[in-house]
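Worksheet: one structure, shown below.
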Amino acid sequence: MFQIGEALMGQGSELAHVDLMIGDKGGPVGQAFANGLTQLSAGHTPLLSVIRPNLPPKPSTLIIPKVTVKNMDQAARIFGPAQSAVAKAVADSVEEGVIPKDQVEDIVIVASVFIHPEAQDYNKIYRYNYGATKLAIKRALKGFPDIDTVLEESNKSTHAIMGFKVTRLWDPPYLQIAFDNPNLEFVLSAISQIPNSDHVIIEAGTPLIKRYGMDVISKIRGVRPDAFIVADLKTLDTGNLEARMVADAAGDAIVVSALAPISTIDKLIEEAHKTGIYAVMDTLNQPDPISVLKQLKAMPDVIELHRGIDIENTEHAWGNIAEIKKIAPKTLV
5 MFQIGEALMG
15 QGSELAHVDL
25 MIGDKGGPVG
35 QAFANGLTQL
45 SAGHTPLLSV
55 IRPNLPPKPS
65 TLIIPKVTVK
75 NMDQAARIFG
85 PAQSAVAKAV
95 ADSVEEGVIP
105 KDQVEDIVIV
115 ASVFIHPEAQ
125 DYNKIYRYNY
135 GATKLAIKRA
145 LKGFPDIDTV
155 LEESNKSTHA
165 IMGFKVTRLW
175 DPPYLQIAFD
185 NPNLEFVLSA
195 ISQIPNSDHV
205 IIEAGTPLIK
215 RYGMDVISKI
225 RGVRPDAFIV
235 ADLKTLDTGN
245 LEARMVADAA
255 GDAIVVSALA
265 PISTIDKLIE
275 EAHKTGIYAV
285 MDTLNQPDPI
295 SVLKQLKAMP
305 DVIELHRGID
315 IENTEHAWGN
325 IAEIKKIAPK
335 TLV
């Protein structure tokens, strides 16, 4: 057996975050258990969980503090409410049948426990760590989450401590609002008035970036930290470098021109995916985007069928969307 579980519970400085492994004594978890007891680390001294002194639970459980323990006050929070909470959670998991009673002598648990240095309320420390440990054990033994849940929730969820959401393009359609006006004060004011929605994309237009540089992305991010921000660079050369610049500026996507050399587009897409941002190919003035797509090593994440502002009243050419989707079925158009 080798099972992994995790749970976050509570709030404030007493918040509990428990990561744990459950496995056979003769397996890797048993080895980690033995190593933890014999290879001590300053500030992270492992300790056996006990319900009270001289009463450890079964299966035996090793607690490893995540945060460096620097003084006796911090140590007392581990060697006290946290130690007892983890032990009681293990014992109750056996009593409730979550951990099979006939396996308690064959398996061990290694639990990594977070105690904030500013935690003060022992009652909350106990209750939060008890609940988090029980939930982590149940999740571990049930194999939670399954891969389908992970894939479904990965683009919807926000980490409670991170404080902002990273928006991804997983549920089209989207409305993209382009800001080409080089008046930054106006742009930021307008962006602040856009309704909050996962289906709105903010584009830092080419004129705006030309005037203010990549820093404009950070300024937009300051107004709308959760927004999906596209940097419309219309890259024609040094694709990998410009993709890295957008990623470093906390942008979500970079636009490359379909008129760029194939090698430039390939490098930009590769670097964008390496840094976790989207690659958008703009077809402005490209009469045959299909031929470009057929030459690429990997497809862009988005293909933008773009009609220029200067010719918007004289031309209409949306391209062959059906043919594009045949070549790049997962690409947004």
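Heads up: the sequence shown at position 152 corresponds to 156 in my numbering, and the numbers run straight through without jumps.
Don't be surprised by glycine CBs; every beta carbon is placed ideally from N, CA and C.
Quick check: residue i and residue j, are their CB atoms within less than 8 Å of each other?
i	j	result
PHE232	ILE205	yes
LEU188	LYS238	no
ILE269	LEU300	yes
VAL22	ILE68	no
TYR178	GLU18	no
ILE281	ALA247	yes
GLY243	VAL260	yes
GLY209	ASP252	no
ALA326	GLN290	no
ILE55	ALA20	no
ALA254	ILE294	no
GLY34	VAL112	yes
LEU297	ALA332	yes
Is residue i helix, strand or coil by DSSP?
i	result
LYS329	helix
ASP292	coil
PRO121	coil
PHE168	coil
GLU100	coil
VAL54	coil
GLU18	helix
SER116	strand
LEU272	helix
PHE232	strand
LEU44	coil
ILE198	coil
LEU173	coil
LEU245	helix
Of the choices the options, whose alpha-carbon is the least far from that of residue i?
i	options	result
ASN200	ALA208, ILE26, VAL227	VAL227
PHE6	PRO69, ASP110, ALA91, LYS105	ASP110
PRO57	ASP96, SER88, ILE68, LEU245	SER88
LEU66	HIS48, ILE281, ASP270, ALA80	HIS48
THR287	ASP252, LEU240, LYS92	LEU240
ALA11	ALA38, GLU207, LYS138	LYS138
VAL73	LEU51, GLY9, VAL90, LYS214	LEU51
SER53	TYR134, ASN39, SER45	TYR134
PRO184	ALA194, PHE83, PRO211, HIS163	The sequence given here places Asp at residue 184; Pro does not occur at that position. ASP184 has its Cα closest to that of PRO211, out of ALA194, PHE83, PRO211, HIS163.
HIS203	LEU44, PHE148, ALA86, GLN180	GLN180
MET338	VAL234, ASN324, GLY16, PHE37	The requested residue 338 is not part of the displayed model; the chain covers only 5 to 337.
ASP219	SER196, THR42, MET249	MET249
ASP150	ILE331, ILE328, ILE8	ILE8
SER45	ILE198, LEU192, GLY27, VAL71	VAL71
LEU225	THR153, GLY84, VAL170	A small correction: the amino acid at residue 225 is Arg; Leu does not occupy that position in the sequence shown. Comparing Cα-Cα distances from ARG225 to each of THR153, GLY84, VAL170, the minimum goes to VAL170.
Give the DSSP bridge partners of residue i, in chain order.
i	result
THR239	VAL260
GLY9	LEU24
GLN180	ILE205
ASP286	SER261, GLU308
PRO69	VAL117
ILE224	Paired residue(s): none; ILE224 is not in a bridge.
LEU192	Its beta-bridge partners do not exist; DSSP assigns none.
LEU336	VAL306
LEU59	ARG56
The stretch 270 to 280 / the stretch 301 to 310 touching (three or more Cβ pairs under 8 Å): yes
The stretch 138 to 150 contacting the stretch 174 to 186, beta-carbon criterion three pairs below 8 Å: no
Cβ contact check for the stretch 119 to 131 and the stretch 148 to 159: 3 or more pairs under 8 Å: no
Cβ pair count under 8 Å reaching 3, the stretch 51 to 62 against the stretch 96 to 113: yes
The stretch 74 to 83 touching the stretch 91 to 107, judged by at least three CB pairs closer than 8 Å: no
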